[in-house]
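To start, the structure under review is shown below, and the notes come after it.
Protein chains in written order, with the working numbering: chain Z, 4 to 586; chain C, 4 to 586.
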């Protein structure tokens with residue numbers, strides 16, 4: 004080795020040892036004939052010291068050529084520091100350098116390699132290898148490593164087998180857009196990259212693997228938003244001979260294990276809520292339950308007062324922003340403007356202010372006397388000092404708008420703490436959703452999700468929107484971190500499902516014939532789940548964006564700015580693949 | 004859960020318990036009013052028993068509808084068996100069935116789900132999910148899981164961090180052919196799938212990650228041989244501030260850890276051999292060292308006897324097949340024909356038989372008297388009973404041919420035992436090899452491999468074939484299981500290397516500018532290695548082919564026979580990608 008110790012290793016107990024360290028120059032200070040060098044590596048920072056009066060003049064001269072990010076090797080004696088630095092683990096000692104070698108000089112980095120950097124997004128993406136040097140970013144990836152480790156420890160301990168499924172698979176029309184790979188050996192044909200190993204893990208159940216998992220890259224060629232990547236990682240799991248309840252317990256166990264081992268947090272039992280309740284109480288299938296502020300529906304108490312805005316609305320629904328009665332008129336106007344922005348899209352915002360003195364004041368006083376307002380306020384258990392915010396309109400829209408407002412109020416009131424974690428199971432999702440544009444039904448989860456047995460008759464009667472699925476999502480702090488379902492494992496039901504989704508029998512056979520065939524050779528009941536691993540890491544890291552939990556992310560145009568990819572390829576390559584571009 | 008226990012769990016201690024098991028019907032026997040069912044799952048086999056006289060008639064009737072591979076749930080009481088089966092772990096008990104449910108019936112599988120199956124390759128690939136049910140195949144994948152687990156345990160314990168590198172990267176002209184992925188968002192441009200995460204792991208070293216690993220899928224669009232797959236898995240590793248010796252020790256440690264934990268074998272220290280010695284002694288850079296039979300070069304003792312075949316040859320080289328003097332003339336003729344096959348390509352085979360009575364007989368007696376033959380035999384330390392086999396010709400060809408013959412003799416003599424494991428480091432590979440056809444130099448390992456410092460001057464003088472690399476391969480039982488090198492970490496040397504490989508400065512910058520730039524911002528000395536994980540698993544499993552250590556392999560045309568991929572895609576997909584096929 005080029006070193007005897009790392010830069011995070013030496014302590015007072017090592018004093019008088021001769022050591023060799025390697026690392027990056029974090030900073031050089033030259034003060035009154037004494038040169039201090041902070042030497043950095045992944046493990047920490049150690050202070051090197053050279054003294055004009057006692058050190059070799061060649062070494063001193065060389066130390067004076069150093070600047071930030073030079074890679075050096077330094078030999079010297081460990082000495083106890085006079086003025087200790089209790090901010091770093093090695094702060095009690097320093098190295099009296101006797102020899103110094105520059106292993107590689109460094110140009111000045113284009114931005115500061117510090118927790119707070121002066122580099123913008125683009126430059127940090129281009130020089131990602133320098134951005135990764137910053138503690139904050141590297142720690143995210145160390146957290147990710149630990150999350151993966153602990154995931155494996157938990158699942159291995161539960162008899163799961165990790166099996167690698169193929170990356171070069173087959174394009175299917177259902178779901179998101181596939182990335183495809185032209186096959187040179189089979190001209191005119193293409194592989195697709197998996198959006199998930201769904202069918203393969205189901206086949207592994209048919210094979211009797213019983214408990215499968217994989218931490219696996221998946222791919223979706225969709226337009227990117229700030230927080231989506233064309234390639235992402237899943238913790239993908241499947242179990243045989245289980246019911247929904249078994250999955251909930253097993254994977255609640257995983258999440259609690261991760262919180263315990265990675266963050267030393269004792270996560271209590273994860274509460275459960277139906278999709279219907281989540282929509283009714285939070286207007287969202289992924290409610291942030293770090294705070295209450297549940298929706299209260301007001302049709303029964305707010306209609307019939309000749310207030311046309313209320314009377315004509317399908318739904319009148321509100322939240323109680325406790326303690327916000329002090330909001331000024333200006334603040335309320337601003338909040339009204341906020342909900343009217345196109346991103347939220349509400350027509351307006353009604354409110355009832357429950358003043359400290361017990362009086363009530365609303366934005367619709369013309370139609371409601373104090374008793375009628377009190378009647379509404381009671382539905383919220385409102386107290387003096389509270390502010391009730393009300394949205395009206397078409398039910399689904401009003402709920403969605405009020406969800407936005409609730410989250411905004413939660414943020415404004417500091418109720419969404421990044422170091423607090425609230426997990427939730429959302430259950431009983433609808434099996435199908437109707438695509439207005441395409442005029443057909445789509446699988447809400449995917450076509451392999453099983454309807455609840457008691458709702459299967461509804462598949463026949465055509466009341467498809469009412470069919471509930473044995474599907475579940477895990478939500479943490481308002482973010483969906485995982486989801487799954489009990490699967491269909493019998494050919495006739497799977498075939499019926501494809502029919503409902505508009506597949507002809509021939510199409511279904513062509514795309515998923517292998518799976519339906521497999522169901523005829525002894526397929527066990529099975530169920531599974533997949534967690535978004537990038538997202539899970541970012542939540543554990545208390546961050547909003549997944550990007551800094553991925554070593555080499557792509558930008559919003561799907562470009563890797565560092566390696567400048569995608570790029571054109573040689574004509575020869577295209578000729579071999581028998582493709583051409585049509586621009 | 005649908006079961007209380009697995010099929011591998013119950014013992015005599017569980018007698019009298021009421022249990023519920025789930026699994027596949029391995030076999031049903033109906034004998035004298037008693038029905039025996041072997042119920043199988045991943046964990047084992049448990050015998051179920053029903054008695055016409057004591058069991059419920061409905062249950063009996065249902066049991067009689069069962070056949071192979073039905074998935075059932077059975078409830079009953081654990082009873083001690085009268086006639087125990089010591090071949091299975093549950094052989095002391097059986098389940099007296101009181102209730103039975105068919106969870107899913109099964110059609111008759113197209114081949115036997117047994118260790119020895121009657122299914123040919125094609126049918127087993129098409130119904131891979133059934134082939135995976137066979138113990139032998141599933142155990143291979145369980146071995147693979149354990150290998151991955153133990154690899155991670157070892158590397159985690161050595162402070163390595165697993166980092167995921169991207170799958171959508173950039174096509175580069177060096178190396179094998181890339182799979183490419185058209186980019187919809189960047190029309191006319193393509194991603195490539197990685198042949199290895201080489202540049203990314205080097206960048207992680209520049210980032211200061213210090214010790215990186217990843218068990219990672221890689222891709223090569225090459226014509227497939229029996230034992231190559233378009234997608235394969237590597238254990239990919241890199242370390243900073245190390246020399247070659249550190250890598251050898253660290254990863255010898257990994258291999259020994261794997262042998263110990265997975266196979267309970269104490270692998271001794273791994274011997275080392277230079278590439279030059281490997282070629283001289285075995286005619287191969289991946290010698291099978293489970294047996295000796297080293298080459299002996301005979302030019303000094305075999306030339307000058309007026310035997311034109313010897314005198315005109317560049318190299319006369321032989322092996323001693325100990326104890327084979329009894330080979331008949333017929334056997335020797337057959338062996339001669341064997342080396343003359345096009346796969347080997349020798350012109351002929353000369354031999355010296357060291358008879359039991361101490362006399363010597365050769366195929367070239369006309370030119371050599373007994374003393375001259377004895378002179379040759381002495382170079383092999385041959386004894387009565389030995390057979391010396393000699394190949395002549397152009398040196399490289401003769402060595403390659405004799406390597407084939409040596410391996411063949413090793414196999415014939417039973418010296419290549421599948422349960423014996425001999426590892427070897429091969430060191431000091433040439434940095435470059437000359438491509439006659441292309442009339443240029445190629446990197447033997449890859450363009451990032453560092454020459455030995457003492458050989459760097461040779462890069463200038465142009466004696467490029469003599470430049471040795473700091474590169475190393477690990478060989479087990481004659482198979483290369485891993486290889487790596489100390490890397491170039493300074494821009495000027497990297498640039499010089501690209502120049503030697505025929506890159507213009509512009510091309511080098513376009514393809515690898517990001518890496519050369521990175522070298523200027525403080526790149527540490529670093530080195531790494533990658534193991535072929537599929538291959539490593541197959542060697543641990545004592546098998547020749549990697550295919551049965553991959554859950555869903557592709558055939559020799561790169562097809563997944565099960566899902567029938569690759570396949571054509573919709574015109575709409577091609578339109579969106581702005582590509583078309585040109586057949």
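Don't be surprised by glycine CBs; every beta carbon is placed ideally from N, CA and C.
C-beta neighbour in chain Z for residue i, strict 9 Å
i	result
residue 534 of chain C	no
residue 127 of chain C	no
residue 407 of chain C	no
residue 362 of chain C	no
residue 599 of chain C	For residue 599 of chain C there is no data in the structure shown, the boundaries of chain C being 4 and 586.
residue 581 of chain C	yes
residue 521 of chain C	yes
residue 202 of chain C	yes
residue 317 of chain C	no
residue 209 of chain C	yes
Residue span of the alpha helix (DSSP H) that contains residue i, given as start and end
i	result
residue 434 of chain C	Segment: none, residue 434 of chain C is in no alpha helix (DSSP H) and carries neither H nor E.
residue 247 of chain Z	247 to 266
residue 129 of chain Z	124 to 129
residue 476 of chain Z	Counting along the chain, residue 476 of chain Z falls outside any alpha helix (DSSP H), though it belongs to the beta strand (DSSP E) covering 474 to 479.
residue 503 of chain Z	494 to 503
residue 101 of chain Z	It is not in any alpha helix (DSSP H) - residue 101 of chain Z instead sits in the beta strand (DSSP E) that spans 96 to 107.
residue 542 of chain C	536 to 543
residue 313 of chain Z	311 to 314
Given residue i as reference, the closest of the options once Cα atoms are compared
i	options	result
residue 577 of chain C	Z:395, Z:171, Z:195	Z:195
residue 478 of chain Z	Z:470, Z:290, Z:239, Z:297	Z:290
residue 156 of chain Z	C:15, C:177, C:152	C:152
residue 277 of chain Z	Z:23, Z:294, Z:475	Z:475
residue 567 of chain Z	Z:546, Z:39, Z:126	Z:126
residue 510 of chain C	C:559, C:175, C:49, C:98	C:175
residue 33 of chain Z	Z:53, Z:336, Z:43, Z:88	Z:53
residue 159 of chain Z	C:149, C:357, C:168	C:149
residue 163 of chain Z	Z:170, Z:240, Z:130	Z:240
residue 236 of chain Z	Z:514, Z:565, Z:585, Z:556	Z:556
Extent of the continuous beta strand (DSSP E) run through residue i
i	result
residue 242 of chain C	234 to 243
residue 513 of chain Z	That residue, residue 513 of chain Z, is in no beta strand (DSSP E); its alpha helix (DSSP H) goes 508 to 522.
residue 2 of chain Z	A question about residue 2 of chain Z goes unanswered here, because the residues of chain Z that appear run from 4 up to 586.
9 Å Cβ cutoff, residue i in contact with chain C
i	result
residue 236 of chain Z	yes
residue 568 of chain Z	yes
residue 185 of chain Z	yes
residue 495 of chain Z	no
residue 109 of chain Z	yes
residue 148 of chain Z	yes
residue 576 of chain Z	yes
residue 526 of chain Z	yes
CB contact check: residue i to chain B, cutoff 9 Å
i	result
residue 330 of chain C	Among the protein chains of the structure shown, namely Z and C, there is no chain B.
Beta bridge counterpart(s) of residue i as assigned by DSSP
i	result
residue 276 of chain Z	Z:429
residue 7 of chain Z	DSSP output for residue 7 of chain Z lists no bridge partner at all.
residue 25 of chain C	C:76
residue 164 of chain C	C:215
residue 627 of chain Z	No answer is possible for residue 627 of chain Z: the residues shown for chain Z start at 4 and end at 586.
Enumerated in chain order, which unbroken segments of the alpha helix (DSSP H) with a length of 4 residues or greater are wholly contained in the stretch 175 to 224 of chain C?
The DSSP assignment places 201 to 209 as complete runs of the alpha helix (DSSP H) inside the stretch 175 to 224 of chain C, in order along the chain (cut-off: 4 residues).
Contiguous beta strand (DSSP E) assignments of at least 3 residues, all confined to the stretch 394 to 462 of chain Z:
As far as the stretch 394 to 462 of chain Z is concerned, its whole beta strand (DSSP E) runs of at least 3 residues are 426 to 430, 435 to 438, 443 to 446.
Segments of 4+ residues assigned as alpha helix (DSSP H) that fall wholly inside the stretch 321 to 373 of chain C
Secondary structure within the stretch 321 to 373 of chain C: the alpha helix (DSSP H) runs of 4 or more consecutive residues, fully enclosed, are 332 to 343 (chain order).
Secondary structure, alpha helix (DSSP H): runs of 4+ residues fully inside the stretch 33 to 81 of chain Z:
Given a length threshold of 4 residues, each whole run of the alpha helix (DSSP H) inside the stretch 33 to 81 of chain Z is given here in chain order: 60 to 66.
Run through the stretch 274 to 309 of chain C for me and flag every whole beta strand (DSSP E) of 3 or more residues, listed as ranges in chain order.
If we require 3 residues or more, the beta strand (DSSP E) runs fully inside the stretch 274 to 309 of chain C come out as 275 to 277.
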